[in-house]
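2 protein chains.
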Amino acid sequence: MKNFSFKNPTQILFGEGQIAEIANVIPADARVMLIYGGGSIKGNGVYGQIQTALGDRIVTEFAGVEANPEFTTLCRAADKAREHNVTYLLAAGGGSVIDGTKFIAAAACFEGDPWEIMLKGGRNIEQALPFGSVLTLPATGSEMNSGSVVNRSEIKAKLPFGSPLCYPQFSVLDPTTTYTLPTRQIINGVVDPFVHVVEQYLTYPVGADLQDRMAEAVLSSLIATGPKALEFRDNYEYRANLMWCATMALNGLIGCGVPQDWSTHMIGHELTALYGLDHAQTLAVVLPANLRIRKADKREKLLQYAERVWGITTGTEDERIEQGIVATEQFFQKVGAPTRLRDYQLGDEVIGTIIKQLESHQMVKLGEKRDVTPEVSTAILRAAL
Amino acid sequence: MKNFSFKNPTQILFGEGQIAEIANVIPADARVMLIYGGGSIKGNGVYGQIQTALGDRIVTEFAGVEANPEFTTLCRAADKAREHNVTYLLAAGGGSVIDGTKFIAAAACFEGDPWEIMLKGGRNIEQALPFGSVLTLPATGSEMNSGSVVNRSEIKAKLPFGSPLCYPQFSVLDPTTTYTLPTRQIINGVVDPFVHVVEQYLTYPVGADLQDRMAEAVLSSLIATGPKALEFRDNYEYRANLMWCATMALNGLIGCGVPQDWSTHMIGHELTALYGLDHAQTLAVVLPANLRIRKADKREKLLQYAERVWGITTGTEDERIEQGIVATEQFFQKVGAPTRLRDYQLGDEVIGTIIKQLESHQMVKLGEKRDVTPEVSTAILRAAL
Chain A
5 MKNFSFKNPT
15 QILFGEGQIA
25 EIANVIPADA
35 RVMLIYGGGS
45 IKGNGVYGQI
55 QTALGDRIVT
65 EFAGVEANPE
75 FTTLCRAADK
85 AREHNVTYLL
95 AAGGGSVIDG
105 TKFIAAAACF
115 EGDPWEIMLK
125 GGRNIEQALP
135 FGSVLTLPAT
145 GSEMNSGSVV
155 NRSEIKAKLP
165 FGSPLCYPQF
175 SVLDPTTTYT
185 LPTRQIINGV
195 VDPFVHVVEQ
205 YLTYPVGADL
215 QDRMAEAVLS
225 SLIATGPKAL
235 EFRDNYEYRA
245 NLMWCATMAL
255 NGLIGCGVPQ
265 DWSTHMIGHE
275 LTALYGLDHA
285 QTLAVVLPAN
295 LRIRKADKRE
305 KLLQYAERVW
315 GITTGTEDER
325 IEQGIVATEQ
335 FFQKVGAPTR
345 LRDYQLGDEV
355 IGTIIKQLES
365 HQMVKLGEKR
375 DVTPEVSTAI
385 LRAAL
Chain B
5 MKNFSFKNPT
15 QILFGEGQIA
25 EIANVIPADA
35 RVMLIYGGGS
45 IKGNGVYGQI
55 QTALGDRIVT
65 EFAGVEANPE
75 FTTLCRAADK
85 AREHNVTYLL
95 AAGGGSVIDG
105 TKFIAAAACF
115 EGDPWEIMLK
125 GGRNIEQALP
135 FGSVLTLPAT
145 GSEMNSGSVV
155 NRSEIKAKLP
165 FGSPLCYPQF
175 SVLDPTTTYT
185 LPTRQIINGV
195 VDPFVHVVEQ
205 YLTYPVGADL
215 QDRMAEAVLS
225 SLIATGPKAL
235 EFRDNYEYRA
245 NLMWCATMAL
255 NGLIGCGVPQ
265 DWSTHMIGHE
275 LTALYGLDHA
285 QTLAVVLPAN
295 LRIRKADKRE
305 KLLQYAERVW
315 GITTGTEDER
325 IEQGIVATEQ
335 FFQKVGAPTR
345 LRDYQLGDEV
355 IGTIIKQLES
365 HQMVKLGEKR
375 DVTPEVSTAI
385 LRAAL
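If you read the sequences in order, they're chains A and B.
Okay, so the first sequence: first residue is 5 according to the numbering used here, each after it adds one.
Okay, so the second sequence: first residue is 5 according to the numbering used here, each after it adds one.
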């Protein structure tokens, strides 16, 4: 096990009706900016519950944060927060809105060009507005971590940043808010957490027995309940479990003391920035190909994954590894996430463009051993055609 | 899944050499009181590493916190902290020292008789000194939670308290500090976390699939690595895993949104207070009997436990339940924790005394359904003879 430091100060308020608790966790004298996306929170009752909980606090609103939140949009929000002397941000939505709110929290306190935050990956954040979230779309885990991904379409960039100052102070997870989500979003909510776990688990063994078993617990739970959460749209139990899996997949805990990969995410970000695939769609495409191309390096963990997560115990080692990867593909397909570039009408003509973008974003030494060079990424993309 | 609120702000500094990090997490101008037990930290190098890390901070020491920390000892420590205007406490030791430090942190700021803290279970704590810990004896999980148990021998009382103000700000977990522990303490370090998990897991199903699987992950990891941690006393990997299992068993996470039992602990506390058994020894004695007596109420989870944790899939349901309990007993015995009262020269003459103590501490409605009355506790103790 590698040395680690772990601290996660976010308070989780979980369950039906917990939006009302906002009244107790945002300071009574806060000047709040409520940040949301396309307005679905007005259709599903969340907006009204938030208004009630905020009571007579002064509230400014900023609507229109996009999926894959746009840098320019977020800069406008930060300007608005400054203009209104906002002291507390409240995000209501999914990972995009919460990621965006993290950037707004930092940018509102930042001197100079806020793009510098992205270029430094957040290491230059010295101050941020406090914020909380009401999660309505479980998937990214942003509700209980300090990371964020921001898009800048004009230069086709989608980049991550993070800071210890960017943990939500609280996040409300009410599973009933997911009942009205489109199926596509629930698909993302199964695939994205699954791949988050895999990026922290499927590397090489370091004797971290508990972290391995906890990662396997999240994967097994997503396999057991993900398809049911899709089938039964207003089943509290399945939606609650999906929501908690998504949070636990990326709150730092299962990644303590183990190597981490994240190459699937970095390649996937370019696919989103260039061709508009949903984040989870990119993961479903890139992950199986990535595992196949790098199976020699990941051999021991792939065997463990095949056995413990998928119950595969027969065949040669190579056969078991391939069966585990096939099971992963079939799971993604079963929940509605195609696993090939061709399923999105993308062919080998896109590979050069994607590699150029990776290079321009310094994504040239990816993976747990920093050996996923542009050549390896090319091979992965070819295997994903 | 039940509604829950979860927040755990403790920073974990995990790994060899991490004691040096104390220099960065205790304020440079803090007046520190270093709290420890019998002085084993002076023999194993921990004391020296702490001194180096504390540098030129003003340090007062309080040595002599006992196993099952004594109320009167802790009150003396609180007095000393006040006399020296201490601003930060640093516990170095196991669960007893850290539990004791939590009480000292609260008592040093408490107006009135500090026994009131125990009588109110900590609900009257309005202020506490900040504190951190260097864990040298993994078992209780106190290093990453806000609970504590304090002993008062003069009245044969061992009572719990807790407060959100009693989370350690940080805890250093360096597995190499466990290399010099006596075997008995490592036995406790396997059994205590195991039963902590069982108290939060073996109740009745509430559809908390992920919490169940995470609890099973900790149990399976203790089963896989606990005996090896005992066999190989300076194997970093096994000791590291044992240490992290102990922390994860009781940092609140696996207990989120599920019913909890804790009757084994409450009955066990009386055994320690009256007859001096180690905490973990009491658990090894009480748990199997408790599961047998209450197997009707715990039926579904006992079947799940037998199958998922012990791989028991054949036989009638009753047989599988009994096999799971037998496997638990055999595991405790294998790691060196006897599972019967007679193993400690205690016979049925003690049962009446234990029940009287439970009654005098209002422990008359224990368990996840509050139905473990003195009559049920009597049956459990009889089954443990």
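C-beta: ideal position from N, C-alpha, C; glycine also.
- Taking a Cβ-Cβ threshold of 7 angstroms, the residues of chain B close to residue 244/A are 5, in chain order.
- Residue 89/B counts as exposed, since fewer than 16 other C-beta atoms from the protein chains shown sit within 10 angstroms of its C-beta.
- When Cβ-Cβ separations below 8 angstroms define contact, residue 367/A makes no contact with chain B.
- Not one beta carbon of chain A lies nearer than 8 angstroms to the beta carbon of residue 285/B.
- Taking C-beta separations shorter than 6 angstroms and ignoring five residues to either side along the sequence, the partners of residue 182/B in its chain run 243, following chain order.
- Of 17/B, 329/B and 65/B, the smallest CA-CA separation from residue 80/B is found for 65/B.
- Sixteen is the threshold: since fewer than 16 other Cβ atoms of the shown chains lie within 10 Å of the Cβ of residue 236/A, the residue is exposed.
- A check of alpha carbon separations from residue 190/A across 233/A, 156/A and 263/A identifies 233/A as the nearest.
- Residues of chain A whose Cβ lies closer than 9 angstroms to the Cβ of residue 220/B are, in chain order, 217 and 221.
- For residue 236/A, no beta strand (DSSP E) run applies, since DSSP gives it neither H nor E.
- For residue 65/B, the pairing in a beta bridge is given by DSSP as 38/B.
- Between residue 100/B and chain A, the shortest Cβ-Cβ separation is not below 8 angstroms.
- Within the region 11 to 40 of chain B, the residues whose Cβ lies closer than 8 angstroms to any Cβ of chain A are, in chain order, 11, 12, 13, 14, 15, 16, 17, 18, 19, 20, 21, 22 and 25.
- In this structure the region 368 to 386 of chain A does not lie against the region 99 to 118 of chain B, because fewer than three pairs of beta carbons, one per stretch, are closer than 8 angstroms.
- Around the CB of residue 124/A, fewer than 16 other CB atoms lie within 10 Å, so the residue is classed as exposed.
- Per DSSP, the beta-bridge partners of residue 164/A are 153/A.
- Along the length of the region 210 to 280 of chain A, whole alpha helix (DSSP H) runs at least 4 residues long occupy 213 to 235, 240 to 253 and 267 to 279, reported in chain order.
- DSSP places residue 10/A within a strand segment (E or B) once states are collapsed to three.
- Taking the C-beta atoms as reference points, residue 208/A is found nearer than 8 angstroms to residue 263/A.
- Of the residues 197/B, 376/B and 249/B, the one whose Cα lies closest to the Cα of residue 288/B is 197/B.
- It is roughly 39 angstroms from the alpha-carbon of residue 73/A to the alpha-carbon of residue 26/B.
- For residue 176/A, the three-state secondary structure derived from DSSP is strand.
- Counting every other CB atom within 10 Å of its CB across the protein chains shown gives residue 172/B a total of 16 or more, marking it as buried.
- In the three-state DSSP reduction, residue 194/A falls in the helix class (H, G or I).
- About 17 angstroms separates the beta carbons of residue 383/B and residue 325/B, which is beyond the 8 angstroms limit, so they are not a contact pair.
- Flagged as an interface residue toward chain B: residue 261/A, by a C-beta distance shorter than 8 angstroms.
- At a cut-off of 8 angstroms between beta carbons, residue 228/A contacts chain B.
- Remark: C-beta atoms of residue 162/B and residue 176/B do not approach each other more closely than 8 angstroms.
- Sorting 48/B, 122/B and 134/B by C-alpha distance to the C-alpha of residue 13/B places 134/B at the top.
- Inter-residue distance for residue 50/B and residue 17/B is about 15 angstroms (C-alpha atoms, whole angstroms).
- Within the region 164 to 175 of chain A, contact with chain B at the beta-carbon level (separation under 7 angstroms) is assigned to no residue.
- Per DSSP, the beta-bridge partners of residue 18/A are 177/A and 8/B.
- Within the same chain, and ignoring the five residues on either side of residue 206/A in sequence, the residues whose Cβ sits closer than 8 angstroms to its Cβ are 265, 295, 302, 305, 306 and 309.
- Residue 112/A: not part of any beta strand (DSSP E); DSSP gives it neither H nor E.
- In this structure, the CA atom of residue 246/A is about 47 angstroms from the CA atom of residue 160/B.
- Sequence-ordered contacts of the region 205 to 216 of chain A with chain B read 210, 211, 212, 213, 214, 215 and 216 [C-beta pairs closer than 9 angstroms].
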